[in-house]
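In my numbering, the protein residues as written are 191 to 449.
C-beta: ideal position from N, C-alpha, C; glycine also.
What follows is a short report on a single structure.
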Amino acid sequence: MAAMAKLYIVYYERRLVFFPVRQVNQTPRELGLDFEWRRFLSYDGHLLSGWWIPHPKPLATVLFFHGNAGNIGDRIQFLQYLHEAGFSVFVFDYRGYGESEGRPTEEGILMDGDAAYEELTHQIGVKPEDIVFFGRSLGGVIAAHAARGRPIRRLILEGTFPSAGVMAEQMFAPMRVPGFLISVRLDTVSHLKLRRCPLLVIHGTHDEVIPFHMGQKLFELADPPKSFFAVDRGGHNDCYMVGTKSYFEQLQSFASAGA
């Protein structure tokens, strides 16, 4: 049983944590959005790739952290909707995803999130108090880590788990695999303890990847100030399509409060 559990753990970490795709099939240009390719270095020298999509009169600037599969080209529609809702957007690929160099590791992608913030503030020139971090799924962990101690305006986590260990225990419950056996930590809750800004947790009630109760648990464990937005019948990747108007009104209200 122990050997079988170990095999499951190896499978989990290799197949379900990082699932990058190299080829970027779409850019904002296909949707008529003005944008700029950005190339910048992570702290250990990996060259990262991203897009800067400015809005002429932004409510705020969203630094978007995508999930574990695909690359930034797979988020085009959502980026367009964010822009139409009044946000400037900076989105980037972690190492090993899209045109970013290297291979994804926990330490590496967290480092990449910090580097993206530095690019947005120091090179693009957006003030921290105008920035909203938005992390979806795995990206929520990276966003929470990057938010530690930084004077950003807001933090939004959508479809994010409390930690990789909790996810493993959920997935492998019949085998009674303890979370501490997972070498990848991805501990969202620990990172949230060091944030300095209000938090919004979004979760679809029909999330088929990260169950709704995990979003509730993440919210429960986070310190205030915090808010929770449940998207009725929302899945893991379609909350913005299911929630439509109410979803983006929630984002606009939360992001612009205190501006």
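Here Lys407 carries a helix assignment [DSSP, helix/strand/coil].
Runs of alpha helix (DSSP H) with 4 or more residues, each lying fully within the region 243-316, are found at 266-274, 296-308, listed in chain order. In the structure shown, the three-state DSSP call for Glu226 is strand. Exposure of Leu384 is indicated by the presence of fewer than 16 other C-beta atoms within 10 angstroms of its C-beta. Remark: C-beta atoms of Gly405 and His396 do not approach each other more closely than 9 Å. Contact between the region 336-354 and the region 270-277 is not established, with fewer than three Cβ pairs separated by less than 8 Å.
For the pair Asp302 and His236, the CB atoms are nearer than the 9 Å cut-off.
Runs of the beta strand (DSSP E) lying entirely within the region 385-447 and spanning at least 3 residues, in chain order: 389-394, 416-421. Counting only residues of its own chain and dropping the five nearest sequence neighbours on each side, Ser417 has a CB closer than 8 Å to the CB of Pro388, Leu389, Leu390, Val391, Phe444.
Sorting Ile342, Ile314, Gly288, Gly260 by C-alpha distance to the C-alpha of Phe324 places Ile342 at the top.
For Leu221, there is no enclosing beta strand (DSSP E), since its DSSP letter is neither H nor E. As computed with DSSP, Gly325 is found in a beta bridge with Phe255, Leu347.
Counting only the Cα atoms, Asp283 lies some 6 Å from Ser239.
According to the DSSP assignment, Thr378 belongs to the alpha helix (DSSP H) that extends over 378-382.
Among the bridge pairs identified by DSSP, Phe209 is matched with Ala259. Contact annotation, Tyr307 with Arg340: C-beta distance approximately 7 Å; criterion of less than 8 Å satisfied. Between the beta-carbon of Ile262 and that of Val279 there is about 10 Å, and that puts the pair past the 8 Å contact cut. Looking at Tyr233, Asp234, Leu300, His256, the one whose alpha-carbon comes closest to that of Asn427 is His256.
Listed as beta-bridge partners of Gly240 by DSSP are Arg228, Phe282. Of the residues assessed, Arg386 falls on the exposed side of the cut-off, its CB having fewer than 16 other CB atoms within 10 angstroms. By the C-beta density criterion, Glu319 is exposed, having fewer than 16 other C-beta atoms within 10 angstroms. If you draw a straight line from the Cα of Asp224 to the Cα of Val214, it comes to about 17 Å. The beta carbon of Glu289 lies closer than 7 Å to those of Val214, Ser239, Asp283 in the same chain, with the five residues before and after it left out.
With a threshold of 16 other beta carbon atoms within 10 Å, Tyr430 meets it and is buried. Among the bridge pairs identified by DSSP, Arg338 is matched with Arg385.
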